[in-house]
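To start, the structure under review is shown below, and the notes come after it.
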Amino acid sequence: MTATDTVNTDTDAINTANAVRRVYVEKRPDYDVRSARLLADLRDNLGILGINGVRTLNRYDAEGLSDAYYAAARDSIFAELPVDLVYDEEMPIGPDERAFAVEYLPGQYDQRADGAAQCVQLLTHAAPPKIASARVIVLRGDIDERDFIRIKSYCINPVDSREASLDKPASLDMRAEQPPDVAVLRGFINLDDGEVNKLRQDLGLAMKSDDLLFCQKYFRDTEGRDPTITEVRVLDTYWSDHCRHTTFLTAINDVEIEETALNGPVVTAFETYMRAREYVYGDAEDTRAISLMDIALMGMRELRKKGTLSDLDASDEVNACSIVVPAVVDGKTEDWLVMFK
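First residue of the sequence shown? That's 819 in this note's numbering, and the numbers climb one at a time after it.
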């Protein structure tokens, strides 16, 4: 072999490693529980009875692997040969089948792709390769375009995922466009009450008009400037029901339970809550509003007052739970907090 031959061989290996390889992994029919569940889900919940078959495949795109390492990873990391079918580059698809792919949005953590890259790194003892994953769903049966769109909408959560291209990319390098400057809500601090309410509706904010007026007063009187849209969105998030518990803390002034044949347990539960309130709050009961949050926490408060919840770690938080447990560390018993969040 000449020196030239050696150089050409090395160059070919480098070019091969830098190419994007694609592999599809599909459970063998006897083990494909996921596809069977999805088929039943689509038929039962969407009412698409024309569908008579579903296949689900995990798709991996890998860049930075030589032939030898790809072959090893293909049959030991990407797939388990006793239970999986593996297809290189292209997957088989019948004439009566339609397919679409789902991938995480850029910036979302892809546990499957990251796990595969870490396993390959253990195999190669080198830098982790670039790996992207997607879930491919293949549908078989009498499915028109309207039903196909409904199925995709049902299977793709737009909060964290998107429809992926079926074409293989030339590279897995992430290319992000330069975002524009953060917009400033010009004139916000000078809007009247009606204009503030219209802005709240236009932006689809979770906070109420009074909340946004409170923010306006802060930026006008304290900051002396208009806020950015990011600042308003962050405030709206922390003002939301999820963080501020607006609904759960709303005072309930009157409770009426409709008389039905099935309302017995509801009446009993509410009466139990009211007795617990009287026991827990005593003379201060009239000063404590009834709310969904109070109902949710009353059982815990009653147990604490009875002294049967001594391992609870009390704090000002109302949406988390901590208990104290003894843990043996290096032969020594220590008090540890176990968090439920």
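All C-beta atoms, glycine included, are put in the ideal place defined by N, C-alpha and C.
None of the values given here were measured: they were computed from a predicted structure.
Exposure of residue i, with buried meaning 16 or more beta-carbon neighbours within 10 Å
| i | result |
| --- | --- |
| V1143 | exposed |
| A1102 | exposed |
| V977 | exposed |
| A891 | buried |
| E921 | buried |
| I967 | exposed |
| L1155 | exposed |
| Y927 | exposed |
| V938 | buried |
| Y888 | buried |
| Q1019 | exposed |
| R958 | buried |
| Y842 | buried |
| E1074 | exposed |
| D1072 | exposed |
| V1052 | exposed |
| A1000 | Sequence check: residue 1000 is Val here, not Ala. With fewer than 16 other Cβ atoms within 10 Å, it is exposed. |
| P947 | buried |
| A897 | buried |
| S853 | buried |
| E844 | buried |
| I1108 | buried |
| S951 | buried |
| D965 | buried |
| Q929 | exposed |
| F1032 | exposed |
| V1146 | exposed |
| D823 | Any reading at D823 needs caution, since the residue's pLDDT is 37, under 50, leaving its predicted position unreliable; the model's value is listed next. Answer is exposed; the Cβ neighbour count stays below 16. |
| Q996 | exposed |
| G1149 | exposed |
| E1152 | exposed |
| A1069 | exposed |
| L984 | exposed |
| L860 | buried |
Residue range of the unbroken beta strand (DSSP E) whose run includes residue i
| i | result |
| --- | --- |
| T1151 | 1150 to 1158 |
| G959 | 948 to 959 |
| L903 | 902 to 906 |
Limits of the unbroken alpha helix (DSSP H) element including residue i
| i | result |
| --- | --- |
| P998 | Careful: P998 lies outside any alpha helix (DSSP H) and carries neither H nor E. |
| Y927 | Looking at the DSSP string, Y927 is not in any alpha helix (DSSP H), and its letter there is neither H nor E. |
| A1145 | A1145 -> not in any alpha helix (DSSP H); beta strand (DSSP E) instead, spanning 1139 to 1147. |
| R964 | 963 to 973 |
| E981 | Element bounds for E981: not the alpha helix (DSSP H) but the beta strand (DSSP E), 979 to 982. |
| M1116 | 1110 to 1124 |
| K1016 | 1011 to 1021 |
Which listed residue (the options) has its alpha carbon closest to that of residue i
| i | options | result |
| --- | --- | --- |
| R873 | H1060, L856, D1029 | L856 |
| M1116 | V1052, T1090, L923 | T1090 |
| R993 | C1033, D902, P924, G1012 | P924 |
| E1077 | I895, A1001, V1085 | V1085 |
| V858 | R846, G871, Y849 | Residue identity differs from the one stated: residue 858 is Ala in this sequence, not Val. Comparing Cα-Cα distances from A858 to each of R846, G871, Y849, the minimum goes to G871. |
| L867 | A919, A897, I961 | I961 |
| K970 | A950, L864, T942, H943 | L864 |
| V851 | D862, F896, D902, E1152 | D902 |
| V1050 | L1017, P987, H1063 | L1017 |
| D885 | V838, A1087, A1079, T1105 | V838 |
| P998 | G1022, Q1034, I1047 | I1047 |
| S1140 | K1150, F1158, G1149, V1147 | F1158 |
| H774 | S989, M1111, K1123 | Outside the displayed range of the chain (819 to 1159) lies residue 774, so it cannot be described from this structure. |
| Y849 | P900, D862, R861, N876 | P900 |
| R980 | A988, R953, L1121 | R953 |
| N876 | F1088, T1105, E907 | E907 |
| K986 | I974, A919, N1081 | A919 |
| T1065 | I1113, L1121, P910 | I1113 |
| V1098 | A1087, A1079, M1118 | M1118 |
| D1044 | C1061, V1014, T1068 | V1014 |
| V904 | R840, I949, L1130 | R840 |
| T942 | I895, E1120, I911, L1021 | I895 |
| Q1034 | D1011, L990, R861 | D1011 |
| A988 | L1067, E1120, I949 | I949 |
Closer than 8 Å to chain C by CB, residue i
| i | result |
| --- | --- |
| I1075 | Absence of chain C from the displayed structure is noted, only one protein chain being present. |
In chain order, which continuous runs of the alpha helix (DSSP H) of length 4 or greater are located wholly inside the segment 844 to 899? Counting only runs of 4 or more, we get 851 to 863, 885 to 891.
Could you tell me whether the segment 933 to 943 touches the segment 878 to 895, where touching means 3 or more Cβ pairs closer than 8 Å? Output reads yes: the segment 878 to 895 touches the segment 933 to 943.
Stretch-stretch touch, CB-based, cutoff 8 Å, three pairs: the segment 1057 to 1070 with the segment 1024 to 1037: Touching, yes, given that three or more Cβ pairs across the two stretches are closer than 8 Å.
Sequence ranges, beta strand (DSSP E) only - wholly within the segment 1024 to 1081, length at least 3: Scanning the segment 1024 to 1081 for uninterrupted beta strand (DSSP E) segments of 3 residues or longer gives nothing; none is fully contained.
Determine, using beta-carbon pairs with one atom in the segment 1002 to 1009 and one in the segment 1035 to 1053, whether at least three such pairs fall under 8 Å. yes
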